[in-house]
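A.B. asks:
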Ligand SMILES: Cc1cc2nc3c(=O)[nH]c(=O)nc-3n(C[C@H](O)[C@H](O)[C@H](O)COP(=O)(O)OP(=O)(O)OC[C@H]3O[C@@H](n4cnc5c(N)ncnc54)[C@H](O)[C@@H]3O)c2cc1C
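Residue numbers (our numbering): 79 to 548.
(1) Just to check my reading of the structure: residue 110 and residue 192 have Cβ atoms closer than 8 Å, yes? What is that Cβ distance to the nearest angstrom?
(2) How would you label residue 517, buried or exposed, when you count the other beta carbons within 10 angstroms and need 16 or more for buried?
(3) What does DSSP give as the partner residues of residue 198 in its beta bridges?
(4) Starting from residue 422 and walking both ways along the beta strand (DSSP E), at which residues does that stretch end?
(5) Which residues in the same chain have their Cβ closer than 7 Å to the Cβ of residue 233, if we skip the five residues on either side of it in sequence?
(6) For residue 310, verify whether its CB is less than 7 Å away from any heavy atom of ligand 1.
(7) In chain order, what are the residue ranges of uninterrupted alpha helix (DSSP H) at least 4 long that sit wholly in the segment 353-416?
(8) Going residue by residue through the segment 252-315, where are the continuous beta strand (DSSP E) segments of at least 3 residues, counting only ones entirely within it?
(9) Classify residue 128 as buried or exposed, calling it buried when 16 or more other Cβ atoms lie within 10 Å of its own Cβ.
(10) Which of the three DSSP states is assigned to residue 438 in this structure?
(11) Among 222, 157, 88, 250, which residue has its Cα nearest to the Cα of residue 426?
(12) Given a cut-off of 8 Å, decide if residue 85 and residue 104 are closer than it, judged by their beta-carbon atoms.
(13) Under 8 Å between the Cβ atoms of residue 496 and residue 506?
(14) Does the structure place the segment 314-329 close enough to the segment 112-131 that three or more beta carbon pairs sit under 8 Å?
(15) Going by the CB atoms, is the gap between residue 134 and residue 281 shorter than 8 Å?
(16) Under 8 Å: do the segment 448-466 and the segment 275-292 share three or more Cβ pairs, one atom per stretch?
(17) For ligand 1, any of its heavy atoms closer than 7 Å to the Cβ of residue 507?
(18) Report the rounded CA-to-CA distance for residue 607 versus residue 487, giving the unit in angstroms.
(19) Hey, residue 177 and residue 394: beta-carbon distance below 8 Å or not?
(20) How far does the beta strand (DSSP E) with residue 169 in it extend, from its first residue to its last?
(21) In whole angstroms, what separates the C-alpha of residue 400 from that of residue 423?
(22) In three-state terms, what does DSSP make of residue 80?
(23) With distance defined between alpha-carbon atoms, name the residue in 499, 519, 448, 489 nearest to residue 472.
(24) Shorter than 7 Å, the distance from the beta carbon of residue 376 to the closest heavy atom of ligand 1, or not?
(25) By DSSP's criteria, residue 161 is part of a beta bridge. Which residues make up the other side?
(26) May I ask you to verify whether the segment 523-534 touches the segment 344-355, counting CB pairs closer than 8 Å and requiring at least 3?
(27) When you compare only the Cα positions, how much space is there between residue 93 and residue 374?
(28) What does the alpha-carbon distance come out to for the pair residue 539 and residue 152?
(29) On a Cα-Cα basis, can you pick out the residue from 483, 253, 137 that is closest to residue 432?
(30) Alpha carbon to alpha carbon, what distance is there between residue 334 and residue 299?
(31) Does DSSP classify residue 495 as helix, strand or coil?
(32) Mind checking which residues open and close the beta strand (DSSP E) that includes residue 102?
(33) Cβ atoms of residue 107 and residue 310: under 8 Å apart, would you say?
(34) Quick one: using the 10 Å Cβ neighbour count with 16 as the cut-off for buried, is residue 138 buried or exposed?
(35) If you draw a straight line from the alpha carbon of residue 161 to that of residue 337, how long is it in whole angstroms?
(36) Sorted by chain position, which residues of the same chain lie with C-beta nearer than 8 Å to residue 255's C-beta, five sequence neighbours on each side aside?
Below is the structure:
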């Protein structure tokens with residue numbers, strides 16, 4: 079069996095099928111694994127993630143994948159979320175003693191950056207989600223409505239929208255509220271904040287992202303398979319409705335019983351023969367799935383400027399600051415040769431459309447100003463090095479109605495299976511969505527081979543009072 083693409087979707091499919099006894103050959107075009115969730119080594123020897131990635135307690139399939147490949151202990155979970163506004167007001171969110179869905183109530187009531195009116199309007203909308211069990215009638219509407227419309231219909235205050243809903247959802251879904259399908263937005267709150275008291279916990283890798291995939295190669299090789307890097311696939315041959323081979327440089331071909339294409343949707347469309355790309359509505363519609371950008375900004379300071387592991391900024395371009403020095407410990411925090419860097423921070427800006435046309439220096443200046451506003455000790459500190467990574471096609475845009483263009487993992491073409499965060503998983507473009515797609519593709523391969531097996535993990539079971547109203 080062949081898997082094409084060594085991102086999380088391809089790795090999840092490959093590892094699951096190897097564990098089910100298949101000999102998997104995985105081809106990845108780059109010299110390393112991880113796709114969009116990976117890290118590089120700079121010429122100076124420093125490890126840099128393409129962008130900080132976090133997971134949530136409700137991401138059960140990603141957690142299962144890390145366990146399968148021996149990386150569970152490389153993720154550290156935090157249960158306190160810190161928010162800071164430009165006036166220096168701090169607010170914390172964490173679970174208290176009350177059972178779900180009321181476990182965050184205590185910290186919400188005392189959350190300083192929101193007014194009482196903001197909080198009352200948020201509580202009303204949350205109640206609506208609870209009473210409708212996450213399926214408010216307007217979520218079923220055709221055409222689908224945006225999250226902003228959903229919030230406006232529930233008379234959310236400006237403060238509630240800007241300092242609560244937008245802050246959580248733009249980071250989680252990589253899109254502005256007016257371009258996000260309300261179904262995704264409501265789902266985030268139901269799964270992460272209401273259903274189970276562990277759903278909101280943030281999992282942060284304590285190693286560079288590429289190190290999370292160390293166990294994948296071994297899992298595949300243990301069953302006689304192989305992982306081939308620097309192996310870009312250049313074409314797919316489809317004859318009489320069946321995949322008969324894939325082509326590499328030099329017209330070399332490989333064949334297999336089944337093929338999982340775990341590529342970005344635009345790349346898959348380019349590889350397909352014209353007949354499929356133009357005539358098959360499943361593939362023709364792939365171009366309707368749009369992309370959304372994320373910008374990562376990396377700063378190295380000459381002294382310690384931050385004590386918290388991470389924080390969320392309110393009312394600024396910069397959405398998150400991660401304290402990489404603290405998260406990595408000493409293992410990967412080598413000093414930049416020739417500099418006196420003492421602390422490495424990484425900032426994340428999701429749906430960063432307005433930053434894309436800006437120059438590297440303009441972005442550094444803007445983010446540095448906001449970091450210095452949030453972290454007083456950074457005001458006197460010297461910025462010894464900075465890097466900006468703009469990912470223009472970071473995720474697919476979860477715009478209203480996008481699910482209708484997302485194909486299932488099993489296709490009408492024999493031996494051809496699809497994986498990738500953009501395939502039909504019900505989830506937005508996340509690591510969890512990518513792993514789900516890989517597991518669903520593995521299930522489809524096993525079903526087709528007459529050996530059906532459940533690979534997909536269950537969602538976190540509702541707990542507390544949610545056991546009776548989920
Ligand atoms: C900047 C950024 C920040 C993000 N932050 C988060 C986050 O905090 N939390 C979260 O859950 N998600 C986050 N995501 C989303 C997450 O990274 C993706 O949803 C996930 O990694 C997608 O995995 P995938 O396997 O579907 O696709 P990809 O990772 O794109 O994998 C596709 C693979 O196919 C390979 N490939 C392409 N063409 C060929 C070819 N011709 N032959 C062989 N191989 C080929 C590629 O090199 C790649 O390895 C972020 C994404 C980005 C870009």
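Beta carbons: idealized from backbone N, C-alpha and C, even for Gly.
C.D. replies: According to the structure data:
(1) Within the chain shown, residue 110 is the residue found at index 32, counting from 1. Within the chain shown, residue 192 is the residue found at index 114, counting from 1. With 8 Å as the limit, residue 110 and residue 192 do not qualify as a contact, their Cβ atoms being about 42 Å apart.
(2) Here residue 517 corresponds to residue number 439 of the chain shown, with the count starting at 1. Burial call: buried.
(3) As a position in the chain shown, residue 198 is number 120, starting the count at 1. Answer is none; residue 198 lacks a bridge partner.
(4) In the chain shown, residue 422 corresponds to position 344, counting from 1. Unbroken beta strand (DSSP E) run through residue 422: 421-428.
(5) Stepping through the chain shown from its first residue, residue 233 is reached at position 155. 199.
(6) Locating residue 310 in the chain shown gives position 232, counting from the first residue. Residue 310: yes, Cβ under 7 Å from ligand 1.
(7) 359-362, 402-406
(8) 280-283, 304-306
(9) As a working mapping, residue 128 is identified with position 50 in the chain shown. Buried, since its Cβ has 16 or more Cβ neighbours within 10 Å.
(10) The residue given as residue 438 occupies position 360 in the chain shown. Looking at residue 438 - three-state DSSP - the assignment turns out to be helix.
(11) Residue numbering aside, residue 426 sits at position 348 when the chain shown is read from its first letter. Cα-wise, what sits closest to residue 426 is 250.
(12) As a working note, residue 104 is residue 26 in the chain shown. As a working note, residue 85 is residue 7 in the chain shown. The answer is no: Cβ separation not under 8 Å.
(13) To locate residue 496, count along the chain shown from 1; it is residue 418. To locate residue 506, count along the chain shown from 1; it is residue 428. Contact: no.
(14) no
(15) Residue numbering aside, residue 281 sits at position 203 when the chain shown is read from its first letter. Residue numbering aside, residue 134 sits at position 56 when the chain shown is read from its first letter. For residue 281 and residue 134, yes; Cβs fall inside 8 Å.
(16) no
(17) Your numbering for residue 507 matches position 429 in the chain shown. Residue 507: yes, Cβ under 7 Å from ligand 1.
(18) With the chain running from 79 to 548 in the structure shown, residue 607 is simply not present.
(19) Along the chain shown, one-based indexing puts residue 177 at 99. Along the chain shown, one-based indexing puts residue 394 at 316. No, the Cβ-Cβ distance between residue 177 and residue 394 is not below 8 Å.
(20) Counting from one through the chain shown, the residue named residue 169 turns up at place 91. Start and end: 168-172.
(21) Along the chain shown, one-based indexing puts residue 400 at 322. Along the chain shown, one-based indexing puts residue 423 at 345. Approximately 6 Å, taken between the alpha carbons.
(22) Counting from one through the chain shown, the residue named residue 80 turns up at place 2. Strand, per DSSP.
(23) Walking along the chain shown from the start, residue 472 turns up at place 394. Closest by alpha carbon: 499.
(24) Your numbering for residue 376 matches position 298 in the chain shown. For ligand 1, not one heavy atom lies less than 7 Å from the Cβ of residue 376.
(25) What you label residue 161 is simply residue 83 of the chain shown in a count that begins at 1. Its beta-bridge partners are 169, 390.
(26) no
(27) Locating residue 93 in the chain shown gives position 15, counting from the first residue. Locating residue 374 in the chain shown gives position 296, counting from the first residue. So the alpha carbons of these two residues sit roughly 29 Å apart.
(28) In the chain shown, residue 539 corresponds to position 461, counting from 1. In the chain shown, residue 152 corresponds to position 74, counting from 1. Those two C-alpha atoms are separated by around 24 Å.
(29) Here residue 432 is taken as the residue at index 354 of the chain shown, counted from 1. Nearest C-alpha to residue 432: 253.
(30) Here residue 299 is taken as the residue at index 221 of the chain shown, counted from 1. Here residue 334 is taken as the residue at index 256 of the chain shown, counted from 1. Approximately 17 Å, taken between the alpha carbons.
(31) Looking up residue 495 in the chain shown gives position 417. Strand at residue 495.
(32) To locate residue 102, count along the chain shown from 1; it is residue 24. Note, residue 102: premise wrong, no beta strand (DSSP E); not H, not E.
(33) Position 232 of the chain shown, counted from the first residue, corresponds to residue 310. Position 29 of the chain shown, counted from the first residue, corresponds to residue 107. Contact: yes.
(34) Here residue 138 is taken as the residue at index 60 of the chain shown, counted from 1. Buried.
(35) Numbered from its first residue, the chain shown carries residue 161 at position 83. Numbered from its first residue, the chain shown carries residue 337 at position 259. Each residue's Cα considered, the two are about 45 Å apart.
(36) If you number the chain shown from 1, residue 255 lands on position 177. Same-chain partners within the cutoff: 224, 225, 226, 229, 239, 243, 244, 247, 248, 263.
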